[in-house]
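Below is one structure, written out as structure tokens, with a few remarks after it.
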Amino acid sequence: MGTNEGERQTLPLSGTSSFLLGQYRRFTLLIYHRDGVETIPLDRHRSVVVGRAPSATVRVEHSTLSRHHARFELRDAQVWVEDLGSTNGTKVNGEAITRRRVAPGQDITLGVATASVHEWDPGNPQLQGVLGHEQFLDLLGDELVRHRTFGQQLGLLMVQAREPVLPFQKWSHLVQAQLRPVDRVGLYSPDTLEVLMPHTGHSRLRELAGELVKTSKIQPPRLVCGTAVFPGSGGTPEALLSGLRDATSRASLRHPVGSTESAPVEVLDMVAEAPVMQDLLRSVERLARATIPVLICGETGTGKEVIARALHEKSPRARRPFRCVNCGSIPESLLESILFGHEKGAFTGADRRTSGVFIDAEGGTVLLDEVGELSAAAQAALLRVLETKRVCRVGSTEEVEVDVRLLAATHRDLEAMCPSGAFRYDLLYRINAVTLTVPALRDRVEDIPALVERFIRESEDPGARRIDPEAMQLLQRFAWPGNVRELRNVVHRSVVLAEGDSITVDDLPRHIRGGSPGIEIPGEGTLDLKTRMRQFEGTLIRQALEAAGWSRPDAARELGLPLRTLAHKIKMHGIQPPREEPLA
85 MGTNEGERQT LPLSGTSSFL LGQYRRFTLL IYHRDGVETI PLDRHRSVVV
135 GRAPSATVRV EHSTLSRHHA RFELRDAQVW VEDLGSTNGT KVNGEAITRR
185 RVAPGQDITL GVATASVHEW DPGNPQLQGV LGHEQFLDLL GDELVRHRTF
235 GQQLGLLMVQ AREPVLPFQK WSHLVQAQLR PVDRVGLYSP DTLEVLMPHT
285 GHSRLRELAG ELVKTSKIQP PRLVCGTAVF PGSGGTPEAL LSGLRDATSR
335 ASLRHPVGST ESAPVEVLDM VAEAPVMQDL LRSVERLARA TIPVLICGET
385 GTGKEVIARA LHEKSPRARR PFRCVNCGSI PESLLESILF GHEKGAFTGA
435 DRRTSGVFID AEGGTVLLDE VGELSAAAQA ALLRVLETKR VCRVGSTEEV
485 EVDVRLLAAT HRDLEAMCPS GAFRYDLLYR INAVTLTVPA LRDRVEDIPA
535 LVERFIRESE DPGARRIDPE AMQLLQRFAW PGNVRELRNV VHRSVVLAEG
585 DSITVDDLPR HIRGGSPGIE IPGEGTLDLK TRMRQFEGTL IRQALEAAGW
635 SRPDAARELG LPLRTLAHKI KMHGIQPPRE EPLA
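Just remember that the working numbering sits 84 ahead of the position in the sequence shown, which is counted from 1.
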């Protein structure tokens, strides 16, 4: 421990004056740690203890903090910090202390956590809440449901400090000053913030990123930004975050704004240690030589597009184009135009003739991702193309012959959708000449070590280059509702957070290091909280529909949900009534 010169400092005010001033001055303690930022008002009636014990006022669960690490107190309008005999010590501006007065703006280091004192100011944007990463992901999931239900765009921004690399608390005010009250900020890593912006598209994101970059040229550190927009950049939290992180990693000080609009499609050689994956790849090798349509099924994030690319790249069509369309991310009014093209003047904004995906992919392969999201009209148009091998641009009567191989992918049960008319039987028979199912990550646990090593190697961030065995065991026990894409995000973030050259248990997200998610219990399956909550929600909605005689309005009233939200959740869970019961 160092000396404590601060103990010998005297106040410039008399005791009475300082007491009166203390009635009007208010101080707030901000604790920055891996799971977010906590804001604690300081008053002279209580002290604030930071540590990893449950009894601490602010609990930071990390091995670098002692159970009761440090105490903060407000005395006569001054804030004091006292080390409580911690193992790793308490530092003020880098100097180890036992007890010292701290001024607003000074950094107090407590293991991996950093604290700072701020004089209370209702207009200070830096005192707005910063969410932990897992809180941010949960909020993003909820917002995706709302924005998908009402057909609205959702913007995401990632902001990172470069040159010099500084912790976010040194520059977060630059970001927060540009935001609206409805925007939310999360802590991706100590030098990176993630921002959720409801009802925001690419143009507003580019404008905001430009302002941040311009401001940071004057006031260091230099910032770079990545942008992503739902639905175009992805349809799940994991997909959006993966694209957002990749866009940010492509940004540089010379080109400081990266966007998922121009992001390359990720192609990886498939890891196949698990027998179920080896069987799948043998099927891919055989089917690549054929021209028949293939339906690729699997949960979100399992790698359906990677399988589709493998079918194309191993086929005789490999030198011809591969075109992929996410049917769930395109507005229904534009889908036929994107697939089949349009004539100039065919609709408002059609200022030139376009070819469309099928004509552009002549001689190659077309992947229709999330094919279960196609509207009835788009399904009818697609069926006609498959039957005649001809397309007709929107606004034209001229048919154009096309030669493409069709691949389709979905996470939904298309056959279960057919009885209600949500998907056409005749189209299903056309696109599933052969069906491939990509296994969930929890069903190919043998692949996790090789995937983790690959994701560590591909990470461009400085940080850990290997993983401890105990941390690997936790990753193998987890259920991974977001599958390979979620694992990739977790590994990339853990590389950044790691203190040493290895990813340890402390570097993993809280819901993974907690120990219970993904543990197999005989007769009960996995205990992953998010998966269980989704299952419970689906069961509850089905029970309400059954009780209401499959009447959506009645079930919505019973559940206390808006009808449109219920309709979206029915679609999301793939709930279908018995064949004799129409869904009203």
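Idealized CB from N, CA, C, for every residue including glycine.
**Asked** Mind checking A261: buried by the 16 CB within 10 Å criterion, or exposed?
**Response** Residue environment for A261: exposed (fewer than 16 other C-beta atoms within 10 angstroms of its C-beta).
**Message:** Can you list, in chain order, the residues of its chain with a C-beta nearer than 6 Å to that of T148? Leave out the 5 residues immediately preceding and following it.
**Reply:** Around T148: N172, G195 and V196.
**Asked** Taking just the CA atoms, how far does S317 sit from E485?
**Response** Between E485 and S317, the C-alpha separation is close to 31 Å.
**Item:** Classification of V249 by the beta-carbon crowding that lies within 10 angstroms, buried from 16 upward
**Value:** Exposed, because fewer than 16 other Cβ atoms sit within 10 Å of the Cβ of V249.
**Request:** Using alpha carbons as the reference points, say which of A462, V142, A555 and K298 lies closest to V259.
**Result:** For V259, the closest C-alpha among the options A462, V142, A555 and K298 is that of K298.
**Prompt:** What's the gap between the Cα of L126 and the Cα of V186?
**Reply:** Their Cα atoms are separated by approximately 13 Å.
**Prompt:** From which residue to which residue does the alpha helix (DSSP H) around H396 run?
**Reply:** Unbroken alpha helix (DSSP H) run through H396: K388 to E397.
**Request:** Please classify Q560: does DSSP put it in a helix, a strand, or coil?
**Result:** Helix, per DSSP.
**Request:** Would you mind giving the Cβ-Cβ distance between C411 and L452, rounded to the nearest angstrom? I have them listed as a contact below 8 Å.
**Result:** So it is a contact: roughly 6 Å between Cβ atoms.
**Request:** Helix, strand or coil for Q244, going by three-state DSSP, please let me know.
**Result:** Strand at Q244.
**Request:** For the segment 355-374 and the segment 326-338, state whether three or more C-beta atom pairs, one from each stretch, are separated by less than 8 Å.
**Result:** Taking 8 Å as the limit for Cβ pairs, the verdict is that the segment 326-338 does not touch the segment 355-374.
**Asked** Going along the chain, which unbroken runs of the alpha helix (DSSP H) with 4 or more residues stay wholly within the segment 214-271?
**Response** With a minimum length of 4 residues, the continuous alpha helix (DSSP H) runs that stay inside the segment 214-271 are 217-233 and 256-260.
**CB-CB length for T558 against R528, believed under 8 Å** = Checking the sequence shown, residue 558 turns out to be Leu, not Thr. Not quite, the Cβ-Cβ distance comes to about 17 Å (not below 8 Å), so this is no contact.
**Three-state secondary structure assigned by DSSP to L168** = Collapsing the DSSP output to three states places L168 in coil.
**Request:** Return the residue from the list A374, Q190 and V266 that minimises the CA-CA distance to T284.
**Result:** Nearest option by C-alpha distance: V266.
**Message:** Tell me the DSSP secondary structure of E485 in three-state form.
**Reply:** Three-state DSSP puts E485 in a strand.
**Prompt:** Going by beta carbon distance, what residues of the same chain come within less than 7 Å of L371, once the five residues before and after it are set aside?
**Reply:** Only V378, L395 and V518 meet the Cβ criterion.
**Prompt:** What is the rounded straight-line gap between the Cα of A434 and the Cα of K254?
**Reply:** Straight-line Cα distance between these residues: approximately 47 Å.
**Asked** Tell me which same chain residues have a C-beta within less than 6 Å of the C-beta of R550, skipping the five on either side of it?
**Response** Short of 6 Å from the beta carbon of R550, and not among the five residues preceding or following it, lie these beta carbons of its own chain, in chain order: S586.
**Message:** For Y513 and I659, I'd like the C-alpha separation in whole angstroms.
**Reply:** CA-CA distance, Y513 to I659, rounds to 22 Å.
**Item:** Cα-Cα separation, H426 to R436
**Value:** Taken atom to atom, the span from the alpha-carbon of H426 to that of R436 is near 8 Å.
**Check whether V455 and R407 have beta carbons under 7 Å apart** = Taking 7 Å as the Cβ cut-off, V455 and R407 do not qualify as a contacting pair.
**Prompt:** What did DSSP end up calling E542 once you bin it into helix, strand or coil?
**Reply:** Residue state, collapsed to three classes: helix.
**Item:** Segments assigned beta strand (DSSP E), at least 3 residues, entirely inside the segment 124-175
**Value:** Taking only runs of at least 3 residues, the beta strand (DSSP E) segments lying wholly in the segment 124-175 are 132-135, 154-159 and 162-167.
**Prompt:** In or out: E482 buried (at least 16 other Cβ within 10 Å) or exposed?
**Reply:** In this structure E482 is exposed. Its beta-carbon is surrounded by fewer than 16 other beta-carbon atoms within 10 angstroms.
**Uninterrupted alpha helix (DSSP H) stretches inside the segment 445-485 (no shorter than 4 residues)** = If we require 4 residues or more, the alpha helix (DSSP H) runs fully inside the segment 445-485 come out as 460-472.
**Asked** Would you say R306 and R246 are within 7 Å of each other, going by their C-beta atoms?
**Response** Yes, the pair counts as a contact, with Cβ atoms nearer than the cut-off.
**Prompt:** Do S200 and L263 have their CB atoms nearer than 7 Å?
**Reply:** Remark: C-beta atoms of S200 and L263 do not approach each other more closely than 7 Å.
**Prompt:** Among the residues of its own chain, which have a CB less than 8 Å from the CB of P661, if the five just before and after it don't count?
**Reply:** Excluding residues within five positions, the ones whose Cβ falls inside 8 Å are S504, L629, W634 and L667.
**Prompt:** Buried or exposed: which applies to T94, given that a residue is buried once 16 or more other Cβ atoms fall within 10 Å of its Cβ?
**Reply:** Because the pLDDT of T94 is 33, which lies under 50, any placement of that residue in the model is unreliable, and the number read from its coordinates should be weighed accordingly. Under this definition T94 is an exposed residue.
**Prompt:** What residues are listed by DSSP as bridge partners for P282?
**Reply:** L238.
**Request:** Would you check if there are 3 or more beta carbon pairs closer than 8 Å linking the segment 458-466 to the segment 409-424?
**Result:** The segment 458-466, when compared against the segment 409-424, does touch it at the 8 Å Cβ threshold.
**Message:** Please state the DSSP three-state secondary structure of S308.
**Reply:** The sequence given here places Val at residue 308; Ser does not occur at that position. Strand, per DSSP.
**Request:** Apply the 10 Å Cβ neighbour rule to R496 and answer buried if 16 or more other Cβ atoms are within range, or exposed otherwise.
**Result:** Label assigned to R496: buried.
**Prompt:** If we ignore side chains and look at the alpha-carbon of each, how far apart do L741 and D119 end up?
**Reply:** Since the first residue of the chain shown is 85 and the last is 668, residue 741 is not available in this structure.
**Prompt:** Shortest alpha-carbon distance to H652 belongs to which of A180, G622 and D191?
**Reply:** Selected option, being the one with the closest Cα: G622.
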